[in-house]
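Participant: Whatever position you read off the sequence shown (first residue = 1), add 2 for the working numbering.
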Amino acid sequence: MIWLTNKKKLSFFLSSEFFTDALRTTISIFLPVWLLFSLGKPDIAVAVGIGTLLTSLTDSSGTYSDKKLGSLVSIGLFFFVTLVTSFCWQHPWLLGIMLFVFCFSFAMLTTFGNRFSMIGTTAIALCIFISGMRPLNGFEFSAYILTGGVCYYMISLLQSWLWPFRSLYQAVTECIKATSTYMQARTAFYNRNIPLEECYYNIIPLHTLVNEKHENVRDLLLRDKLAMRSDNKKGQLLLRIATQVIDLYEHITTVHFDYQHFRDALGMSGAPEVISRLIEIMALDIDQAGNAFYLNKSVTPNHHSQEVAYLHSRLQYIIEKENVNNQALLRHLKHNIEDVSERITRLKALMAGQEEIELVENEALSYPDFLTYRPRTFSQFKMHLNFRSPVFRFSLRLAVACTFAYILTCAFPLGGYSYWIMLTVIVIMKPAYSITRQRNKQRLIGTLTGVAVGLLLIAFINSTAVLLTISLFLLLGFFTFSRTKYALSVMFITPMVMICLHIYSEGKTAFIFERIYDTLIGCAIALVASYIFPVWEKHNLSRYLNNVLDANYAYLDALYQKLSGETVSYNTYKLLRKNVYTRLADFSAAFQRLLLEPKRMDIAVDHLQRFQALNHQLYGAVASLNLNSGSLNGNSLHRIMTAQALNSLRKCMECLNDEEASKVQIKEEQVNGLNGETSANDTALNSQFNSIVSTVAQLQTLCQTLLGS
């Protein structure tokens with residue numbers, strides 16, 4: 003069965019947007035270059051090839067309007083940069099000034115999002131390439147670059163027009179597969195040999211990944227006017243599937259939450275192994291359904307149906323053997339698993355076109371509310387033109403580093419390809435220190451590995467035709483992984499460049515060593531420059547902590563409102579849920595960046611990890627009750643316990659000097675009534691509310707500790 007699994011993975015990879023786009027880009031570069039070389043126009047071929055290659059780097063996933071806007075901006079900007087640089091390279095001092103201005107200005111495009119950030123970075127790279135190539139006729143060279151860019155985007159936009167939902171299908175499938183991965187990871191909570199702290203440490207980054215996929219789907223889907231049209235069947239199908247997948251994720255997180263109590267009470271009963279296997283089978287089922295949906299194939303029947311039936315009967319046997327309290331716990335857990343399984347079945351039927359599912363429970367959603375996208379305006383750009391802005395600091399840092407690298411190449415004889423130093427600097431440096439450091443490591447690994455591969459290819463293959471063919475496959479590999487795995491993309495592009503230069507220089511190898519030391523120098527400059535005008539995550543830590551507490555407070559308050567008989571609209575509830583997802587993911591990402599910073603020793607890492615785990619546990623417990631709020635019947639004990647938890651959360655916010663805490667109203671409930679109503683009928687529900695109160699109490703103690711550290 004392993005070969006069959008690998009075959010499915012290969013099929014998905016070869017049909018993925020990353021590979022098909024890479025194949026299209028490689029062909030778009032190769033055909034005009036090959037044609038121009040055949041016509042005896044090598045200089046034109048190189049210029050058009052560079053224009054096509056660099057323009058392709060700005061073309062990321064997005065709606066048709068995104069791509070159209072990106073094409074107009076990048077083509078126009080690249081023509082301008084080429085024209086200016088072509089007339090400045092003869093004056094080193096003027097080129098240095100221009101390089102500083104370009105680096106700062108184009109890096110500021112980051113304020114408009116990732117697409118424009120990539121356009122800015124590529125425009126700087128184009129400027130550096132031209133300064134190294136030194137064209138004699140600026141107008142002609144600019145026209146060739148323009149031609150390459152126009153040709154590329156004509157093909158890209160045509161493809162987007164013919165297949166408007168390619169990016170969306172990819173995004174939805176990635177969302178499904180990320181959900182499967184997250185679900186698979188949750189099985190570790192039922193393994194007594196794995197500490198719970200380790201389980202949370204492993205699963206929290208996966209929550210960040212899933213949230214990233216959710217945001218990507220929302221961004222592509224909700225801004226696509228064609229997909230959102232009620233008469234567009236494909237768009238509406240994708241909308242319904244995306245909604246079901248996001249809702250499914252919420253139900254997965256609520257399968258269980260108080261794992262310590264579960265391990266203590268049922269660790270030796272055999273239930274953990276049964277539940278773990280059931281979750282694992284459901285995760286595999288989701289993954290296979292996602293693959294089939296993307297490949298437009300029928301969803302294969304569940305091959306584990308007999309095993310699932312046995313596991314359910316086994317779980318029922320265990321339930322009947324346990325005491326009353328454990329029976330209530332296991333029945334509740336069994337119900338949650340069956341609910342998730344039913345949702346997966348409905349999702350598969352929807353993907354197969356066998357079932358029509360209402361989007362929500364007879365209540366419409368206001369979709370624009372769920373978008374984090376903001377229109378690009380000059381005021382947005384102007385807002386970042388101050389030293390407090392991280393983007394402004396990064397732009398200034400990049401300009402200083404790149405200008406220093408340029409001065410270094412002018413002052414010392416570093417070889418004919420010394421502009422590689424500046425290229426290394428601009429592709430490595432990122433706004434966050436941690437990402438710059440990570441890129442530095444990936445660049446070194448990719449370059450050194452690529453050099454080794456290139457040396458082997460040059461040493462053992464003498465045929466120019468074979469080497470050129472290999473270089474095409476290496477270029478294909480570079481484009482395939484350039485968006486997802488930077489080290490691997492560098493490992494592909496390095497031997498490709500080596501082969502081309504080896505053929506161009508008629509067998510010389512001195513440039514290989516130049517490639518190595520240029521990369522080392524560039525990495526060193528980028529790493530040192532990351533300490534210039536730094537933006538340390540440590541200084542933003544309290545904001546992230548407060549944001550998480552605010553989000554969980556609002557989410558818990560929605561439950562309190564339901565218990566008090568108030569109505570919380572479906573739209574509001576989903577927005578609160580999204581806010582919790584996003585705030586938890588933002589904190590997790592910031593925490594991971596913090597761990598790579600040089601001042602991490604000043605931070606109580608263990609306390610922050612505990613803070614993450616407790617907030618995830620709190621969210622899971624509240625989500626479970628919110629989903630079943632219709633059966634709570636306004637129990638006064640539950641309302642009092644919820645009020646107590648809310649007041650404790652407010653104190654947590656006050657501990658961290660959260661400005662929002664002053665806006666929160668204290669819940670005036672008779673908390674002393676807790677002891678008088680402990681005989682509630684539903685033991686499982688009491689356990690859930692007790693878990694919330696306990697978790698918030700631990701959070702309050704932890705916040706006081708964090709305040710003192």
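Using N, Cα and C, we set each Cβ at its ideal position, and we do this for glycine too.
Please read all numbers here as calculations on a predicted model, not as lab measurements.
1. Could you give the DSSP three-state label for residue 533: helix, strand or coil?
2. What do you get for residue 156, buried or exposed, if any count of 16 or more other CB atoms within 10 angstroms of its CB means buried?
3. For a quick check, are the C-beta atoms of residue 392 and residue 433 less than 7 Å apart?
4. With H, G and I counted as helix, E and B as strand and the rest as coil, what does DSSP make of residue 301?
5. Note down, one range per segment and in chain order, each alpha helix (DSSP H) of at least 4 residues found wholly within the segment 459-546.
6. Quick check: the segment 223-238 against the segment 545-562, are there 3 or more CB pairs under 8 Å?
7. Give me the Cα-Cα distance between residue 41 and residue 51, rounded to the nearest whole angstrom.
8. Return the CA-CA distance between residue 300 and residue 36, expressed in angstroms with no decimal places.
9. Note down the Cα distance separating residue 247 from residue 349, rounded to an integer number of angstroms.
10. If you compare alpha carbons, which of 534, 640, 597, 13 is closest to residue 566?
11. Cβ of residue 133 within 7 Å of Cβ of residue 91?
12. What residues in its chain sit with their C-beta under 6 Å from that of residue 56, if we drop five residues either side in the sequence?
13. Hey, is the segment 279-291 in contact with the segment 647-657, meaning 3+ C-beta pairs nearer than 8 Å?
14. Enumerate in chain order the residues of its own chain whose CB-to-CB distance from residue 693 is below 6 Å, with the five nearest sequence positions on each side excluded.
15. Please list, in chain order, all residues of the same chain as residue 333 whose beta carbon is under 7 Å from its beta carbon, the five residues on each side excluded.
16. Is it buried or exposed, residue 435, if we count other Cβ atoms within 10 angstroms and call 16 or more buried?
17. Quick check on the DSSP output: the alpha helix (DSSP H) that includes residue 597 runs from which residue to which?
18. Since residue 531 contacts residue 403 with CB under 8 Å, what's their CB separation in whole angstroms?
19. Here's the rule I'm using: 16 or more other beta-carbon atoms within 10 Å means buried, otherwise exposed. How should residue 709 be labelled?
20. Give the DSSP-derived three-state secondary structure of residue 433 in the structure shown.
21. Just to confirm, are residue 386 and residue 181 a CB contact at a threshold of 7 Å?
22. In the DSSP assignment, find the unbroken alpha helix (DSSP H) run with residue 401 in it and report its ends.
23. Pick helix, strand or coil for residue 606, following the three-state DSSP scheme.
24. Let me know if residue 78 comes out buried or exposed under the rule of 16 or more other beta-carbons within 10 Å of its beta-carbon.
25. The alpha helix (DSSP H) that contains residue 218, what's its start and end?
26. Specify, as a first and last residue, the run of the alpha helix (DSSP H) that residue 418 falls within.
27. Give the straight-line distance between the Cα atoms of residue 541 and residue 605, rounded to the nearest whole angstrom.
28. Which same chain residues end up closer than 6 Å to residue 110 when comparing Cβ atoms and leaving out the 5 residues on each side of it in sequence?
29. Under a Cβ-count criterion, where at least 16 other Cβ atoms within 10 Å of its own Cβ denotes burial, should residue 339 be classed as buried or exposed?
30. Go through its chain and collect everything with a Cβ distance to residue 599's Cβ below 8 Å, but skip five positions before and after it.
31. Suppose you measure from the CA of residue 241 to the CA of residue 272; what does that come to, to the nearest Å?
32. Out of 352, 528, 250, point me to the one whose CA is closest to residue 236's CA.
33. I'd like to know if the segment 484-500 and the segment 456-476 are in contact, where contact means that at least 3 CB-CB pairs between them fall below 8 Å.
34. Checking 7 Å against the spacing of the C-beta atoms, do residue 60 and residue 76 come in under that value?
35. Based on Cα-Cα distance, which residue from 619, 323, 295, 316 lies nearest to residue 355?
Facilitator: Put simply:
1. Per DSSP, reduced to three states, the secondary structure at residue 533 is coil, with no helix or strand assignment.
2. Exposed: under 16 other Cβ atoms inside 10 Å.
3. Contact flag set, yes.
4. Correct three-state label for residue 301: coil.
5. Runs of alpha helix (DSSP H) with 4 or more residues, each lying fully within the segment 459-546, are found at 466-483, 488-506, 512-531, listed in chain order.
6. The segment 223-238, when compared against the segment 545-562, does not touch it at the 8 Å Cβ threshold.
7. Using only the alpha carbons, I get a separation of about 15 Å.
8. Going by the C-alpha atoms only, they are around 41 Å apart.
9. Approximately 8 Å, taken between the alpha carbons.
10. For residue 566, the nearest C-alpha among the options comes from 640.
11. It is a contact, given that the beta carbons lie within the stated cut-off.
12. Counting only Cβ-Cβ distances below 6 Å, and skipping sequence neighbours, we find 124, 128.
13. The answer is no - the segment 647-657 does not touch the segment 279-291, with fewer than three Cβ pairs under 8 Å.
14. Taking residue 693 as the centre and dropping the five residues before and after it, the same chain places the C-beta of 260, 623 closer than 6 Å to its C-beta, in chain order.
15. 321.
16. So residue 435 counts as buried.
17. Segment 572-597, the alpha helix (DSSP H) holding residue 597.
18. Rounded, the Cβ-Cβ distance is 4 Å, consistent with contact.
19. Under the 10 Å beta carbon count, residue 709 is surrounded by fewer than 16 other beta carbons and is classified as exposed.
20. Per DSSP, reduced to three states, the secondary structure at residue 433 is coil, with no helix or strand assignment.
21. No, Cβ-Cβ distance for residue 386 and residue 181 is not below 7 Å.
22. DSSP places residue 401 inside the alpha helix (DSSP H), whose first and last residues are 392-413.
23. Residue 606 falls in the coil class under three-state DSSP.
24. The residue in question, residue 78, is exposed, as its Cβ has fewer than 16 Cβ neighbours within 10 Å.
25. For residue 218, the enclosing alpha helix (DSSP H) begins and ends at 198-224.
26. No alpha helix (DSSP H) contains residue 418, which DSSP labels as neither H nor E.
27. Their Cα atoms are separated by approximately 11 Å.
28. For residue 110, where only same-chain residues beyond five positions count, the Cβ hits under 6 Å are 397.
29. If you draw a 10 Å sphere on the C-beta of residue 339, you find 16 or more other C-beta atoms in it, and that means buried.
30. Answer for residue 599: 435, 436, 538, 539, 540, listed in chain order.
31. Take the alpha-carbon of residue 241 and the one of residue 272: they are about 40 Å apart.
32. The residue among 352, 528, 250 with its C-alpha nearest the C-alpha of residue 236 is 352.
33. Enough Cβ pairs lie closer than 8 Å, so yes.
34. Their beta carbons are under 7 Å apart, which means residue 60 touches residue 76 by this criterion.
35. Ranked by Cα distance from residue 355, the options 619, 323, 295, 316 are led by 295.
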